[in-house]
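Asks:
In the numbering used here, the protein residues as written are -2 to 399.
1) Could you name the residues of the same chain whose beta carbon sits closer than 6 Å to that of residue 336, not counting the 5 residues immediately before and after it, in chain order?
2) Quick one: any contact between the region 213 to 230 and the region 313 to 321, if contact means 3 or more CB pairs under 8 Å?
3) The ligand MN and residue 222: does the residue's C-beta get closer than 8 Å to at least one heavy atom of that ligand?
4) Under 9 Å between the Cβ atoms of residue 122 and residue 169?
5) Pick from 312, 68, 7 and 21: whose alpha carbon is nearest that of residue 260?
6) By Cβ distance, which residues of its chain are closer than 8 Å to residue 225, with the 5 residues on each side in sequence left out?
7) Near residue 393, which residues of its chain fall below 7 Å by C-beta distance, leaving aside the five closest residues on each side in sequence?
8) Buried or exposed: where does residue 243 fall if 16 or more other Cβ atoms within 10 Å of its Cβ makes it buried?
9) Is the number of C-beta pairs between the region 86 to 99 and the region 108 to 124 that are closer than 8 Å three or more?
10) Cα separation between residue 1 and residue 375?
11) Looking at residue 48: is its Cβ nearer than 9 Å to the Cβ of residue 385?
12) Looking only at C-alpha atoms, which of 229, 357, 272 and 85 sits nearest to residue 346?
13) Report buried or exposed for residue 207, applying the criterion of at least 16 other Cβ atoms within 10 angstroms of its Cβ.
14) So what's residue 3 in DSSP terms, helix, strand or just coil?
15) Can you tell me whether DSSP reads residue 315 as helix, strand or coil?
16) May I have the straight-line CA-CA distance separating residue 160 from residue 84, to the nearest angstrom?
17) Contact check, residue 372 vs residue 10 under 8 Å by CB: the rounded distance?
18) With a threshold of 16 other CB atoms inside 10 Å of the CB of residue 109, please say whether the residue is buried or exposed.
19) Quick one: give me the first and last residue of the alpha helix (DSSP H) that residue 185 is part of.
20) Could you pull the start and end residues of the alpha helix (DSSP H) that residue 234 belongs to?
21) With DSSP as the reference, label residue 385 as helix, strand or coil.
22) Could you give the DSSP three-state label for residue 273: helix, strand or coil?
This is how it looks when you write it as structure tokens:
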């Protein structure tokens, strides 16, 4: 019988990240089923959640890896993903990082003209190029990764300069890539950007694949809906078919989901450590603060992106509803998970669940305030195992030279 959240906290402590691998598996299969174009190679944007148990689950479904750092490349290879299925999308990489990637045999996805030239001059035979289609989208301006105000990619109007570098260095550009943003719920946004990127791809003679990036969102709020995967898949396949007819041969289509695969699979469990209510005066406003044993050091999305996470009172779901602020244990006023949220009134010791925390949660966690990182646990049916043990204060301090 699958364990309850209370069982997990009793065994592994609080706060605690929990990932349901069955959900991850279901999302991966839903995406594959939605895309009818073949050949199709999905890549997991491992930045969303680098937990090896999660990565291996997704890789077992046939996904490659979209990596953005030497560490993510190393993680993919250690998880058993072949180098040929790893795309390293660089972002201001160093020459040492470039040399390491070339030695590992992973394909570098170049985000600038000078990087493409350096890969070619260093003996690289093949590369991909990330283009900026000048169409950006995302749930927040900080995660909009295309358009005139972003640092990412070669502008789509510079494709002739890419061709010149190909001729000068002998490198073959085998991939045409874009990534316009994150948290996108509108399939039409993708279609618009794909139209631009296919026009660019048509000018590149040596392509093996077109990669339309990731960014598929999930409905964090009750009034949001999942992106229509069938519509997205049909449109992507239709556009790819028309492009390949024009190009003269079939190419591989790539897509790079991250959040879509893992966000809803993850929950951050936290225990209520304080409940206080201010006086009901004009100054104090009678607000009730529910304090927890975690903070934005463990889930920074609310503080950084004004993100929304559903919160459930697992201990007293039947309690009378009350408007409260759910706050963390970090020494900043921005350490807030929810303002004026109506919840079944929490009590000291209650277990709360911060939902949809499987993407960009632990992946962006820190040890701010010299607070250790929580444990990560994966659940797969009745099977439960620690994916990463809780760190300790001693471990944090031992990292220093005393």
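Each residue gets a CB set at the ideal place from its N, CA and C atoms; glycine is no exception.
Replies: With the structure as the only source:
1) Mapped onto the chain shown, residue 336 falls at position 339. Contacts found: 322.
2) Taking one beta carbon from each stretch, the region 213 to 230 and the region 313 to 321 have fewer than 3 pairs nearer than 8 Å; the two do not touch.
3) Ligands displayed in this structure: none; no statement on the ligand MN is therefore possible.
4) Counting from one through the chain shown, the residue named residue 122 turns up at place 125. Counting from one through the chain shown, the residue named residue 169 turns up at place 172. Cβ atoms of residue 122 and residue 169: closer than 9 Å.
5) Here residue 260 corresponds to residue number 263 of the chain shown, with the count starting at 1. Minimum Cα distance to residue 260 is reached at 21.
6) Residue mapping note: residue 225 aligns to position 228 of the chain shown, counting from 1. Contacts found: 184.
7) Counted from its first residue, the chain shown places residue 393 at position 396. So the qualifying residues of the chain are 364, 367 and 369.
8) Taking the chain shown and counting its residues from 1, the one referred to as residue 243 is at position 246. Under the 10 Å beta carbon count, residue 243 is surrounded by fewer than 16 other beta carbons and is classified as exposed.
9) Contact between the region 86 to 99 and the region 108 to 124 is present, because at least three Cβ pairs lie under 8 Å.
10) Taking the first residue of the chain shown as position 1, residue 1 is located at position 4. Taking the first residue of the chain shown as position 1, residue 375 is located at position 378. Roughly 13 Å separates the two Cα atoms.
11) Here residue 48 corresponds to residue number 51 of the chain shown, with the count starting at 1. Here residue 385 corresponds to residue number 388 of the chain shown, with the count starting at 1. In this structure, residue 48 places its C-beta atom within 9 Å of the C-beta atom of residue 385.
12) In the chain shown, the residue the question calls residue 346 occupies position 349. For the residues 229, 357, 272 and 85, the minimum Cα distance to residue 346 belongs to 272.
13) What you label residue 207 is simply residue 210 of the chain shown in a count that begins at 1. By the 10 Å Cβ count, residue 207 comes out buried.
14) Along the chain shown, read from residue 1 onward, the residue named residue 3 stands at position 6. Reduced to three states, the DSSP call for residue 3 is helix.
15) Here residue 315 is taken as the residue at index 318 of the chain shown, counted from 1. Residue 315: coil per DSSP, three-state reduction.
16) Sequence index remark: in the chain shown, residue 160 carries index 163 (1-based). Sequence index remark: in the chain shown, residue 84 carries index 87 (1-based). Cα-Cα distance, rounded: 21 Å.
17) Mapped onto the chain shown, residue 372 falls at position 375. Mapped onto the chain shown, residue 10 falls at position 13. Confirmed, about 7 Å.
18) As a working note, residue 109 is residue 112 in the chain shown. Buried.
19) Locating residue 185 in the chain shown gives position 188, counting from the first residue. For residue 185, the enclosing alpha helix (DSSP H) covers residues 184 to 198.
20) Mapped onto the chain shown, residue 234 falls at position 237. Residue 234 -> alpha helix (DSSP H) spans 226 to 244.
21) Mapped onto the chain shown, residue 385 falls at position 388. Residue 385: strand per DSSP, three-state reduction.
22) Counting from 1 along the chain shown, the entry for residue 273 is found at position 276. Per DSSP, reduced to three states, the secondary structure at residue 273 is strand.
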